[in-house]
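Q: Be aware that the sequence shown starts at 1, since it is given in full-length UniProt numbering, and climbs by one per residue.
Below you will find the structure I want to go over with you.
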Amino acid sequence: MLQYRQIMGNYVEHRVHEDEAKAVARTLHPELYERGPGCEVCTAEEIQYCAGTAVLEDHCCCDMRHSEWFPYVPHTCYLRPGCRPIAGNCAEYARLRVCCCDYITATKCEYNKLASKGKLIG
């Protein structure tokens, strides 16, 4: 019989497929993701956290299928009992997501969308 950890470590908790993400990205308006009230300017470290894969790893750890905050980013989350957020804890992840990452990931997605259409100048 397989151990509980083996089963859970390979279980897809939720997935956003590339075609689904592209459909959402077409309707994306990054300006709607501006920092919320009470948020301060994001530090370079926070921007790096948001622009890389750390925010998605924490999304998989903290949000699970309860809320899909990144429907415009293709990703797969696996059920990982006892996962530890890179941000330190899920409350800090939520603060970073609202104050920094929503805007950064939406802007990055918009940039990638324009780049794929050849609409960037430079």
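The C-beta atom is built at its ideal place from N, Cα and C for all residues, glycine as well.
When you compare each of MET64, ALA23 and CYS42 to THR72 by their alpha carbons, which one comes out closest?
A: According to the sequence as given, residue 72 is Tyr; it is not Thr. Residue ALA23 is the option with its Cα nearest to TYR72.
Q: According to DSSP, is CYS101 helix, strand or coil?
A: In this structure, CYS101 counts as helix in the three-state DSSP scheme.
Q: In terms of alpha-carbon separation, which member of CYS100, ASP63, ALA106 and LYS108 lies closest to THR43?
A: That would be CYS100, whose Cα lies nearest to the Cα of THR43.
Q: Over what stretch of residues does the beta strand (DSSP E) that includes HIS75 continue unbroken?
A: Where HIS75 is concerned, the enclosing beta strand (DSSP E) stretches over 75-78.
Q: Express the C-alpha separation of THR105 and LEU28 in angstroms, rounding to a whole number.
A: About 11 angstroms.
Q: How many Å lie between residue 196 and TYR93 at the Cα?
A: The structure shown does not extend to residue 196, since the chain spans only 1 to 122, so no value can be given for it.
Q: Taking the alpha helix (DSSP H) that HIS59 falls in, what are its first and last residues?
A: 54-62 is the extent of the alpha helix (DSSP H) around HIS59.
Q: Span of the beta strand (DSSP E) holding ARG15?
A: ARG15 -> beta strand (DSSP E) spans 12-16.
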